[in-house]
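To start, the structure itself, in structure tokens.
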Amino acid sequence: MTALLDIKNYRLDIGTFDGPVHVLKGINLTVNRGDTVGIVGESGSGKTVLVRSVLGIGPRNAKVVEGSISFDGQDITNLPEKDWTKIRGIRISMIFQDPMTYLNPLFTVGRQISDVIAAHEKAAGTGVSSKAARRTRTEDLLDQVGLPNPSMLFSQYPHQLSGGMRQRILIAMALAGKPDILIADEPTTALDVTVQAQVLDLINSLVEKLNLTVIMISHDIGAIATVAKRCAVMYKGEIVEQGMTQDILNRPQHEYTQRLLAAVPDIDIAPEKVAAEATAAKPSKPGHLLEAIDLKKVYRSQSGADFTAVNSLSLSVKTGEIFGVVGESGSGKSTLARMLMRLIEPTSGDIIFDGQNISGLSGEPLRKMRRHMQFVFQNPHSALNGRHTIGDAIGEPLRIQTNMSRRDIEARAEALLDIVQLPKMFKYRYPHELSGGQKQRVCIARAIALNPRLLILDEPTSALDISVQAQVLDFLQELRSELNLTYVFISHNLAVIRQICDRTIVMKRGEIVEQGDTEQIFMAPREDYTKALIESGRKTSQAANLQV
Amino acid sequence: MLTFAFRKILTLLGTMIGIAALTFVITNIAPGDPARLVAGPNATEDMVATIRSEYGLDKSLPEQFIVYMGDLVRGDLGTSIVTTRPVLEEVMRYAPATLELVFVAMFLGIVIGVPLGMLSAVYKDGPLDQVTRIFSISGVALPAFWFGIILQLMFAVDLEWLPVSGRLPLVTRPPEFVTGLLLVDSLIAGKFSTFWVSLQHIILPAIVLSFPCLASILRVNRAEMIEVLQSDYIVAARAHGISSFRIVALYALKNAMLPTLAMIGLRFGWMLGSTVLVETVFDWPGIGLYAVSSALSSDFKPVVGVTLMIGFFFIVANTLVDLAYAWIDPRLRKA
Numbered sequence: 001m002t003a004l005l006d007i008k009n010y011r012l013d014i015g016t017f018d019g020p021v022h023v024l025k026g027i028n029l030t031v032n033r034g035d036t037v038g039i040v041g042e043s044g045s046g047k048t049v050l051v052r053s054v055l056g057i058g059p060r061n062a063k064v065v066e067g068s069i070s071f072d073g074q075d076i077t078n079l080p081e082k083d084w085t086k087i088r089g090i091r092i093s094m095i096f097q098d099p100m101t102y103l104n105p106l107f108t109v110g111r112q113i114s115d116v117i118a119a120h121e122k123a124a125g126t127g128v129s130s131k132a133a134r135r136t137r138t139e140d141l142l143d144q145v146g147l148p149n150p151s152m153l154f155s156q157y158p159h160q161l162s163g164g165m166r167q168r169i170l171i172a173m174a175l176a177g178k179p180d181i182l183i184a185d186e187p188t189t190a191l192d193v194t195v196q197a198q199v200l201d202l203i204n205s206l207v208e209k210l211n212l213t214v215i216m217i218s219h220d221i222g223a224i225a226t227v228a229k230r231c232a233v234m235y236k237g238e239i240v241e242q243g244m245t246q247d248i249l250n251r252p253q254h255e256y257t258q259r260l261l262a263a264v265p266d267i268d269i270a271p272e273k274v275a276a277e278a279t280a281a282k283p284s285k286p287g288h289l290l291e292a293i294d295l296k297k298v299y300r301s302q303s304g305a306d307f308t309a310v311n312s313l314s315l316s317v318k319t320g321e322i323f324g325v326v327g328e329s330g331s332g333k334s335t336l337a338r339m340l341m342r343l344i345e346p347t348s349g350d351i352i353f354d355g356q357n358i359s360g361l362s363g364e365p366l367r368k369m370r371r372h373m374q375f376v377f378q379n380p381h382s383a384l385n386g387r388h389t390i391g392d393a394i395g396e397p398l399r400i401q402t403n404m405s406r407r408d409i410e411a412r413a414e415a416l417l418d419i420v421q422l423p424k425m426f427k428y429r430y431p432h433e434l435s436g437g438q439k440q441r442v443c444i445a446r447a448i449a450l451n452p453r454l455l456i457l458d459e460p461t462s463a464l465d466i467s468v469q470a471q472v473l474d475f476l477q478e479l480r481s482e483l484n485l486t487y488v489f490i491s492h493n494l495a496v497i498r499q500i501c502d503r504t505i506v507m508k509r510g511e512i513v514e515q516g517d518t519e520q521i522f523m524a525p526r527e528d529y530t531k532a533l534i535e536s537g538r539k540t541s542q543a544a545n546l547q548v
Numbered sequence: 001m002l003t004f005a006f007r008k009i010l011t012l013l014g015t016m017i018g019i020a021a022l023t024f025v026i027t028n029i030a031p032g033d034p035a036r037l038v039a040g041p042n043a044t045e046d047m048v049a050t051i052r053s054e055y056g057l058d059k060s061l062p063e064q065f066i067v068y069m070g071d072l073v074r075g076d077l078g079t080s081i082v083t084t085r086p087v088l089e090e091v092m093r094y095a096p097a098t099l100e101l102v103f104v105a106m107f108l109g110i111v112i113g114v115p116l117g118m119l120s121a122v123y124k125d126g127p128l129d130q131v132t133r134i135f136s137i138s139g140v141a142l143p144a145f146w147f148g149i150i151l152q153l154m155f156a157v158d159l160e161w162l163p164v165s166g167r168l169p170l171v172t173r174p175p176e177f178v179t180g181l182l183l184v185d186s187l188i189a190g191k192f193s194t195f196w197v198s199l200q201h202i203i204l205p206a207i208v209l210s211f212p213c214l215a216s217i218l219r220v221n222r223a224e225m226i227e228v229l230q231s232d233y234i235v236a237a238r239a240h241g242i243s244s245f246r247i248v249a250l251y252a253l254k255n256a257m258l259p260t261l262a263m264i265g266l267r268f269g270w271m272l273g274s275t276v277l278v279e280t281v282f283d284w285p286g287i288g289l290y291a292v293s294s295a296l297s298s299d300f301k302p303v304v305g306v307t308l309m310i311g312f313f314f315i316v317a318n319t320l321v322d323l324a325y326a327w328i329d330p331r332l333r334k335a
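Just so you know, the sequences run in chain order D and P. Residue numbers are given in full-length UniProt numbering: position 4 of the first sequence equals residue 4, and the series is strictly consecutive. Residue numbers are given in full-length UniProt numbering: position 88 of the second sequence equals residue 88, and the series is strictly consecutive.
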């Protein structure tokens, strides 16, 4: 059997201001017809550049140094643009990470899919079929990817659809040309847990039904394991290990793979050590640090329709605990978090911090109160000002809230860098010189600069790689016992919640579905929604922790 | 969409009242006694007092304001001292010439600016991009009166290809009044020779007026296109096999047009104001020239009338831009 796709000793440089960067270093990968191949690796490992090169849509200033890519016997390494039209989207097609940004917001779904069909017909030289024919074909495709009511969907715009629906539409587009190879670039990363499971199921069923060859790349080894029979592990532009997925999961050979697998949080393992620590810490500081009573947030759209983001929600966070908030996107987690800090005004309800009702505070008293509660944002890349040094960023709260001298602030910033385990010299650096995990540490250092009592962490690890996530989670737990902090920890990732939180609330559409001790919720969920959530989370988590 | 349009029109009315109030304040801040000005240098105190009461200038400011607004609602912009004719009538007579000039200039700005911006984004840092960069910087930097005179010297005086100034030669009879726009009216009347002559007259002032506008449309469209072309949905469209031409000219351009439209709306108002200079250089009989000659003879009612008129067209243009926004972007429509 000849290989459908053969990548041989492929080396790629990207020209930058500081000279060429070796992005891919001698990649060898063979994909046969009917294969499902996964490529796992962290951000920056070169996996996206690799698959985009297969489609001829790599970065502009990229240069092939050595090696070749051949597809179905044809060398496509340096194919001219006009020859790509017969391959791109037709024989090899691709689905992407974030279904919101990969659909054009100004065109209807139907228009976008029929355009793809028309482009393929043009490339095949068969002449473009009529509008009605393309519409029928589009509706068939929408039906094929399991979307309800295709004829209505046809004239809808991307913003009117949910994330899962948009991803299905992107898959429908990719299937329009009846491709030989489907490349899936992190197809589930931007989706909710329950939707992730559905999309992976869909890809699996399409592989069977259409005899597709799939190359899927992801940093989530669980998602890879669900789809791919074979798998390659990429690290710093090289494939460090490849083979059957099961073998790699059970007997990882390379040191990096071993580290990666160890870092995957397991939804089914109760974190005994942490739980014990937490119970030991509790009696010393009793009482509630933060309470919310009947908190409500209603947004009014311009047309006058009301949307209730958070509905009559009450909760109390004990001093010294890690309080988990879990839910899918749109469940009101972030709105809740921002209301607790009064970054968003609640429509009604009270927020009591350390015995004081802060919902009526404004101006100077509110500003003073803020030093006791700090926020850590989801995406460390956008939470730091690119034109300020790290030292400036960490010193900022001190400059705003205290009268410390410049020298004292400098010394404190160094001490804070020490606490978050970063070298002191980092204070002279700029954010772009740091990795994602380092940036998140800087954000945490900034948050603890004023010795707050409460940290609200809004998905602090979602934008980070798995191995980095594990480090940050460990570090957060250490920090808590060192500085007597209380956390409100928001996440959509159940395994992370289970690993770190003492008590947890499960949110759905602005309301609490279930609350209690984290272990109790995971061992014996009472509500159907919680059960479904845990079940979908388990699917990818288990796949990653296959023990045969 | 209809409620959206309705709300926009309400905003338009509110802004009009604001502009009217502002012009009232400005005329009252201006130094000098209008009654004495009207009466002339040799008038006696009695005559000035008579004129003062005749024009209602002896009343308190709030009273004057109510009278002024009441007049505006009835479409009464006062009477010109020099021509002794109603200002509204005069402004309406001169407005079509200015609007025609602005429309042609705007047309040039869009038809040349948008594609050039698009091309210089696609071939970023290439030779075309460098040329358009110089072109657009000079477009913003060259003063209109200087550029206008240079064009007159080159094309009208030296080469004698085009007329130096004016809207029509004295010997040509203007076509029957329908819209007031000569290019349109001559076509309606079927007089192609008149159309050709008026086209020759409008071309130089339109180029001068459109140059800065063209430059800013080009730059905004280029910047937006560069940004849009890097976005995820463009990568996806390429991956799905859509042709490069279609991606640039349809998928990307529609997205890039949103900020460009905002620039067009702003530039429209700016152009109406700039006609004061361009019309003076080219002796173009529009409201700009009318405002200048009135101001020179201390005839302030026409100046206020022209200001209101420009404000009105500016707001209408921007309302149209807002509606076009909603038409292009479905996300704005639901509001």
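Glycine included, each C-beta is placed from N, C-alpha and C at the ideal position. Values in this document were obtained by computation on a predicted structure and should not be read as measured data.
- 7 angstroms CB neighbourhood of Glu478/D in its chain, flanking five on each side removed: Residue 478/D sits at position 478 when you count from the first residue of the first sequence. Cβ within range, chain order: n/a, list empty.
- Message: Closest to Ser120/P by C-alpha separation, out of Ile29/P, Val235/P, Leu209/P, Arg219/P, would be which residue?
- Response: One-based indexing of the second sequence puts residue 120/P at position 120. Out of Ile29/P, Val235/P, Leu209/P, Arg219/P, Arg219/P has the C-alpha closest to the C-alpha of Ser120/P.
- Output the residue ranges of the alpha helix (DSSP H) runs that lie fully inside the region 220-271 of chain D and measure 4 residues or longer, sorted by chain position. 221-227, 245-250, 255-263
- In this structure, does DSSP put Phe489/D in helix, strand or coil? Within the first sequence, residue 489/D is the residue found at index 489, counting from 1. Three-state result, Phe489/D: strand.
- Query: With DSSP run on the structure shown, which of helix, strand or coil describes Glu279/P?
  - Reply: Position 279 of the second sequence, counting from 1, holds the residue named residue 279/P. Looking at Glu279/P - three-state DSSP - the assignment turns out to be helix.
- Give the straight-line distance between the Cα atoms of Gly391/D and Arg406/D, rounded to the nearest whole angstrom. Counted from its first residue, the first sequence places residue 391/D at position 391. Counted from its first residue, the first sequence places residue 406/D at position 406. Between Gly391/D and Arg406/D, the C-alpha separation is close to 11 angstroms.
- Item | C-alpha gap between Lys282/D and Val325/D, whole angstroms | For the purposes of this step, residue 282/D is taken as the residue at position 282 of the first sequence. For the purposes of this step, residue 325/D is taken as the residue at position 325 of the first sequence. Any reading at Lys282/D is ruled out, since the residue's pLDDT is 47, under 50, leaving its predicted position unreliable.
- Query: Is there at least one Cβ from chain P nearer than 7 angstroms to Val116/D's Cβ?
  - Reply: Within the first sequence, the letter at position 116 stands for residue 116/D. Val116/D counts as touching chain P.
- Message: Does the structure place the region 433-453 of chain D close enough to the region 188-205 of chain D that three or more beta carbon pairs sit under 8 angstroms?
- Response: no
- Query: Can you round the beta-carbon distance between Asp458/D and Phe377/D to whole angstroms, since I take them to be within the 8 angstroms contact cut?
  - Reply: Within the first sequence, numbered from 1, the residue matching residue 458/D stands at position 458. Within the first sequence, numbered from 1, the residue matching residue 377/D stands at position 377. The Cβ separation is near 6 angstroms, so the contact holds.
- Message: Taking its Cβ as the centre, do 16 or more other Cβ atoms sit within 10 Å of Tyr102/D, making it buried, or is it exposed?
- Response: Position 102 of the first sequence, counting from 1, holds the residue named residue 102/D. Under this definition Tyr102/D is a buried residue.
- Message: Strictly by DSSP, which residues pair up with Ser329/D?
- Response: Within the first sequence, residue 329/D is the residue found at index 329, counting from 1. Its beta-bridge partners do not exist; DSSP assigns none.
- Cut-off 7 angstroms between Cβ atoms - residues of its own chain near Ala5/P, not counting five sequence neighbours on either side: Translated into positions along the second sequence, residue 5/P becomes position 5. Once the five neighbours on either side are set aside, the close Cβ partners of Ala5/P are Leu323.
- Query: If you compare alpha carbons, which of Glu66/D, Ala3/D, Thr2/D is closest to Gly26/D?
  - Reply: For the purposes of this step, residue 26/D is taken as the residue at position 26 of the first sequence. It is Glu66/D.
- Query: Does the beta-carbon distance from Thr194/P to Ser186/P come in below 7 angstroms?
  - Reply: Taking the first residue of the second sequence as position 1, residue 194/P is located at position 194. Taking the first residue of the second sequence as position 1, residue 186/P is located at position 186. Closer than 7 angstroms, so yes.
- Task: Tell me whether Leu106/D sits in a helix, a strand or coil according to DSSP, three-state version.
- Result: Against the first sequence, residue 106/D aligns to sequence position 106. In this structure, Leu106/D counts as coil in the three-state DSSP scheme.
- Starting from Thr36/D and walking both ways along the beta strand (DSSP E), at which residues does that stretch end? Here residue 36/D refers to the residue found at position 36 of the first sequence. First-last of the beta strand (DSSP E) with Thr36/D: 36-40.
- Message: Restricting to runs no shorter than 4 residues, where is the alpha helix (DSSP H) found entirely within the region 17-75 of chain P?
- Response: 34-39, 45-54, 61-73
- Leu249/D CB to nearest chain P CB: under 7 angstroms? Position 249 of the first sequence, counting from 1, holds the residue named residue 249/D. Answer no: the Cβ-Cβ gap between Leu249/D and chain P never drops below 7 angstroms.
- Message: I want to verify the contact list: residues of chain P whose CB lies under 8 angstroms from the CB of Ala123/D, in sequence order.
- Response: By one-based count along the first sequence, residue 123/D stands at place 123. Chain P residues near Ala123/D: Gly241.
- List the endpoints of the continuous beta strand (DSSP E) containing Leu511/D. Against the first sequence, residue 511/D aligns to sequence position 511. The sequence given here has Glu at residue 511/D, not Leu. 511-517 is the extent of the beta strand (DSSP E) around Glu511/D.
- Message: Quick test of your reading: Ala445/D and Ile490/D, contact by CB under 8 angstroms. State the CB separation rounded to the nearest angstrom.
- Response: Position 445 of the first sequence, counted from the first residue, corresponds to residue 445/D. Position 490 of the first sequence, counted from the first residue, corresponds to residue 490/D. So it is not a contact: roughly 20 angstroms between Cβ atoms.
- Which of the three DSSP states, helix, strand or coil, is assigned to Leu142/P? To locate residue 142/P, count along the second sequence from 1; it is residue 142. Note: Leu142/P maps to coil in three-state DSSP.
- Message: Using the three-state DSSP reduction, which class does Ala3/D fall into: helix, strand or coil?
- Response: Your numbering for residue 3/D matches position 3 in the first sequence. Three-state result, Ala3/D: coil.
- Message: What does the Cβ neighbour count give for His432/D, buried or exposed, with the cut at 16 atoms within 10 Å?
- Response: Start at 1 with the first residue of the first sequence, and residue 432/D comes out as number 432. With fewer than 16 other Cβ atoms within 10 Å, it is exposed.
- Got a sec: is the Cβ-Cβ distance from Asn28/P to anything in chain D below 7 angstroms? In the second sequence, counting from the first residue as 1, residue 28/P sits at position 28. No, its Cβ sits nowhere closer than 7 angstroms to a Cβ of chain D.
- Message: Spatial neighbours of Leu147/D within its chain, please: C-beta separation below 8 angstroms, excluding the five flanking residues on both sides.
- Response: Sequence index remark: in the first sequence, residue 147/D carries index 147 (1-based). Once the five neighbours on either side are set aside, the close Cβ partners of Leu147/D are Leu153, Met165, Arg168, Ile169, Ala172.
- Query: Can you tell which of Arg60/D, Gly41/D, Val64/D, Thr48/D has the C-alpha that lies nearest to the C-alpha of Lys8/D?
  - Reply: The residue given as residue 8/D occupies position 8 in the first sequence. Looking at the Cα atoms, Val64/D is the closest of the given residues.
- Can you give the Cα-Cα distance for Arg36/P and Glu160/P, rounded to whole angstroms? Position 36 of the second sequence holds residue 36/P. Position 160 of the second sequence holds residue 160/P. Roughly 48 angstroms between the two C-alpha positions.
- Task: Grab me the residues of Asn61/D's own chain with a C-beta within less than 8 angstroms of its C-beta, minus the 5 sequence neighbours each way, in chain order.
- Result: In the first sequence, the residue the question calls residue 61/D occupies position 61. Here the set comprises Ile14, Gly15, Thr16.
- Is the Cβ of Met152/D closer than 7 angstroms to any Cβ of chain P? In the first sequence, the residue the question calls residue 152/D occupies position 152. No - not a single Cβ of chain P is within 7 angstroms of the one on Met152/D.
- Message: Applying the 10 Å Cβ sphere with the 16-neighbour rule, what's the burial state of Asp6/D?
- Response: For the purposes of this step, residue 6/D is identified with residue 6 of the first sequence, where counting begins at 1. Result: buried.
- Task: Taking only beta carbons into account, state which residues of the region 93-108 of chain D come closer than 9 angstroms to chain P, listed in chain order.
- Result: Ser93, Met94, Ile95, Phe96, Gln97, Asp98, Met100, Thr101, Tyr102, Leu103, Asn104, Pro105, Leu106, Phe107, Thr108
- Could you tell me whether any Cβ in chain P is nearer than 7 angstroms to the Cβ of Ile7/D? Locating residue 7/D in the first sequence gives position 7, where the first residue counts as 1. Chain P, which has no Cβ nearer than 7 angstroms to the Cβ of Ile7/D, makes this no.
- With Val102/P and Met271/P assumed to form a contact (beta carbons below 8 angstroms), what rounded beta-carbon distance in angstroms separates them? Reading the second sequence from its first residue, position 102 is the one you call residue 102/P. Reading the second sequence from its first residue, position 271 is the one you call residue 271/P. About 5 angstroms; that satisfies the 8 angstroms criterion.
- Message: Let me make sure I understand the geometry here. Which of Pro397/D, Lys424/D, Arg503/D, Asp306/D has the alpha-carbon closest to that of Pro452/D?
- Response: Here residue 452/D corresponds to residue number 452 of the first sequence, with the count starting at 1. Nearest option by C-alpha distance: Pro397/D.
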